[in-house]
Amino acid sequence: MKRFKLISILCLSLSLAICKGGIAQNDEKLNVILIMCDDLNDYQGVFGGHPQAKTPNIDKLAKSGVQFINAQSNVPVCQPSRNSLFTGVYAHASKDFGWTPLLKQPVLKNNKTLMRLFKENGYKTLGSGKLTHGKPPQEWDEWGANYKHNYGPSYNNGETNVAHPAVPEPYRSIGPVDGSYGRLSTAGESTGERGKPGWVYGWDKKPFRYTNDKDRDLLQDEKHAKWAKEKLKALENQEQPFFMGIGFVRPHTPLHAPDKYFDMFPIDELELNPWIPEDTEDTYWLENFDSKKKGPKYYRMLLESYGGNREKALKHFLQAYLACVAFVDEQIGKVMDALDNSRFRNNTIVVFTSDHGWQMGEKDYIFKNSPWEESTRIPLIVRAPIMKAAVKVEQPVSLIDVFPTLVDLCNLKGGNKLNDKGGNIGGYSMKPLFNGSEKWNGPNGALTMVGNYGKTIPVEKQNFSYRTKDWRFILYSNGQEELYNHKKDAFEWHNVANQKKYKKIKKQLRSEMNEIIQNR
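Written out as structure tokens, the structure reads:
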């Protein structure tokens, strides 16, 4: 009897020691860190989107978790994509076809946000950066840096924000956000005084002091990383579980970064992704959208700015994009190092992703909001204490699945609705895919809506792209179709939708797509 009591005491002591060491117990609530980037396509080493991308920290994170290699955005533009992720409601279900703020959208204002649901389940909610689009909702217990600073730094001519002085015309005329790229150093010094030419943080024109790369103010994403590190340290002495969101803005335009990141990618050594001149001939985007819209327009203007030299034009833009990807990778590394050196290392779920991708000249298009792979594919990594490491999942999933996955992993109670006017959960928990031991309950593929934006436009007038493991099927609002066989055509160069031998697979894909659209 005494021996049994002694063993019981030893087991209890060991259990307490393990708990203090940070290993999650069955009855312990897991913390969550959600890391989001903006306009980040698959240009990371582990996702293979560009062979020269340098992302050691994202690559390291992938090796410690589950990497979803066919993850897709549900809407390849910022606001509706983020609104959908944070409510768990498909954009086509909520009819979120524009830029209505989350808490004013007619359907989504009746839904709980992810952070609200965590808060209702006893979590402390902390956020910084760009998570939801625009002003952050009040469901955050603590908020970090000023959201108005997110879209910079921008160059100010002393009166208004303009594009970087070194950007050639006519691309420079696009303006201080989409029309601006280049090194901080080539714009000269900024005194940090309001009203004088130089760098400013963003729309509020708060001066950004810059003497050189070693003597300057912190950039926005550096501030977000610093905030996250400090909060993780402050939370060490608290027992309340936390949900932390960190919204890094890079590589969203304007594409500015310190010299060291540009130096990683010498212009004369850069490689452009494969391209064929006739790539748009069997596509129907231009027949369904205005050719004056940003994607084709930006492509034309960029080439014109470099005398029509496609290679030269794209390499200058690509260098800035890769530099910003490398820059944000370093900020992600700071957050992960802080987490891994804390007591939260083994009881914290990490989700890393982006709101959508970015088209880099493929199909004569530079922007987001296209139905093709470069714009819809996103990086997605989930690391949790219960899963195996270095797992690659081929099953297509999408951002709509993040909400139910976190509900499942954290055993959250209460659902996603404030009342019966709210939208239904659209996604499925990805937990069964972590080790392949359970059946995936979600659809065969992932759905993306490429919107016709306007509050009164019906769902039937929207355009949809559907990605399975081997296929991409695109259905435009006027009934035109594109079909790409990814087993043979990874670059989506050959639209085979009109070939009779693919009639059966096209019918199947259309049926699967319609089932998701109609089940809302």
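Going by UniProt numbering, the sequence shown opens with residue 1, and the numbers climb by one from there.
We put the beta carbon where it would ideally sit given N, CA and C, even for glycine.
Alpha carbon of residue i to alpha carbon of residue j, nearest angstrom
i           : j    : result
D401        : V351 : 12 Å
E492        : G158 : 46 Å
I457        : A93  : 13 Å
V131        : T353 : For the sequence presented, residue 131 should be read as Leu rather than Val. The straight-line gap from Cα to Cα measures roughly 11 Å.
D420        : M513 : 26 Å
N495        : E482 : 5 Å
I23         : F262 : Below a pLDDT of 50, predicted positions are generally treated as unreliable, and I23, at 37, falls in that range; the measurement from the model is reported next regardless. Their backbone Cα atoms lie some 40 Å apart in a straight line.
M264        : D329 : 13 Å
D364        : D282 : 13 Å
K488        : N498 : 17 Å
W275        : Q79  : 30 Å
F242        : N156 : 39 Å
P443        : M36  : 24 Å
T113        : H224 : 21 Å
K469        : S190 : 49 Å
A145        : K503 : 52 Å
Q25         : Q240 : Its pLDDT being 39, under 50, Q25 is placed unreliably by the model, and nothing is read from it.
K260        : D178 : 22 Å
R383        : A389 : 8 Å
S465        : N288 : 14 Å
residue 551 : E236 : No answer is possible for residue 551: it lies beyond the span of the chain, which begins at 1 and ends at 520.
W358        : R377 : 9 Å
E169        : M301 : 8 Å
A326        : G88  : 30 Å
Q105        : F403 : 19 Å
E460        : M115 : 32 Å
G175        : T280 : 27 Å
R183        : P258 : 6 Å
G202        : I332 : 22 Å
Buried/exposed call for residue i, threshold 16 Cβ in 10 Å
i    : result
G21  : Low confidence applies to G21: its pLDDT is 36, below 50, so where it sits in the model is not reliable, and the reading given next is rough at best. Exposed, because fewer than 16 other Cβ atoms sit within 10 Å of the Cβ of G21.
S173 : exposed
Q319 : buried
A17  : Model confidence at A17 stands at a pLDDT of 37, short of 50, so the residue's coordinates are unreliable; what they give is reported in the following sentence. By the 10 Å Cβ count, A17 comes out exposed.
S511 : exposed
S84  : buried
S291 : exposed
T448 : buried
I517 : buried
P266 : exposed
D355 : buried
R216 : buried
E515 : exposed
Q238 : exposed
P136 : buried
Whole-Å CB distance - residue i paired with residue j, under 8 Å assumed
i    : j    : result
F248 : G152 : With 8 Å as the limit, F248 and G152 do not qualify as a contact, their Cβ atoms being about 13 Å apart.
L30  : P385 : 7 Å
G98  : G454 : 6 Å
T107 : G422 : The identity of residue 107 in the sequence shown is Val, whereas the question assumes Thr. Correct: roughly 7 Å between the Cβ atoms.
L232 : S342 : 5 Å
P396 : V450 : That belief does not hold up - the Cβ atoms of P396 and V450 are roughly 17 Å apart, past 8 Å.
L473 : L418 : Per the sequence shown, residue 473 should be read as Phe rather than Leu. Rounded, the Cβ-Cβ distance is 35 Å, inconsistent with contact.
W140 : G122 : Between G122 and W140 the Cβ distance is about 15 Å, and since that is not below 8 Å, they are no contact.
V167 : Y181 : 6 Å
N74  : A91  : 6 Å
Y210 : W227 : Between W227 and Y210 the Cβ distance is about 21 Å, and since that is not below 8 Å, they are no contact.
Q44  : P379 : 6 Å
L406 : I33  : The pair is not a contact, with the Cβ atoms about 11 Å apart (cut-off 8 Å).
Range of the contiguous beta strand (DSSP E) that encloses residue i
i    : result
I58  : Element bounds for I58: not the beta strand (DSSP E) but the alpha helix (DSSP H), P56 to K63.
L126 : K124 to G129
Y155 : S154 to N156
I246 : F242 to G247
L286 : Element bounds for L286: not the beta strand (DSSP E) but the alpha helix (DSSP H), W285 to N288.
M36  : N31 to C37
L509 : From DSSP, L509 is part of no beta strand (DSSP E) but of the alpha helix (DSSP H) over K503 to Q518.
L255 : L255 to A257
Segment limits, alpha helix (DSSP H) that includes residue i
i    : result
G333 : R310 to D340
Y298 : K294 to S305
S84  : C78 to T87
F68  : Unbroken run through F68 is the beta strand (DSSP E), V66 to F68; no alpha helix (DSSP H).
H133 : Here H133 belongs to no alpha helix (DSSP H), and DSSP marks it neither H nor E.
I92  : Looking at the sequence itself, residue 92 is His, so the reference to Ile does not match. First-last of the alpha helix (DSSP H) with H92: A91 to S94.
E139 : Where E139 is concerned, there is no enclosing alpha helix (DSSP H), given that its DSSP letter is neither H nor E.
M115 : L114 to E120
Contact test: residue i Cβ vs the ligand MN heavy atom, cutoff 6 Å
i    : result
F248 : The ligand MN is not part of this structure, which contains no ligands at all.
CB contact below 7 Å: residue i versus chain C
i    : result
D282 : Here there is only one protein chain, and chain C is not present.
Let me know the beta strand (DSSP E) ranges lying completely inside the region 438-499, each 3 residues or longer, listed in chain order. Listed in chain order, the complete beta strand (DSSP E) runs (minimum 3 residues) inside the region 438-499 are 446-450, 463-467, 471-475 and 481-485.
Just to confirm the assignment: which complete beta strand (DSSP E) runs, minimum length 3, are found wholly within the region 350-426? Counting only runs of 3 or more, we get 380-383 and 391-393.
Can you list, in chain order, the stretches of the beta strand (DSSP E) that have 3 or more residues and sit fully within the region 145-226? Entirely contained in the region 145-226, the beta strand (DSSP E) runs reaching 3 residues are, in chain order, 154-156, 181-183, 198-200 and 210-212.
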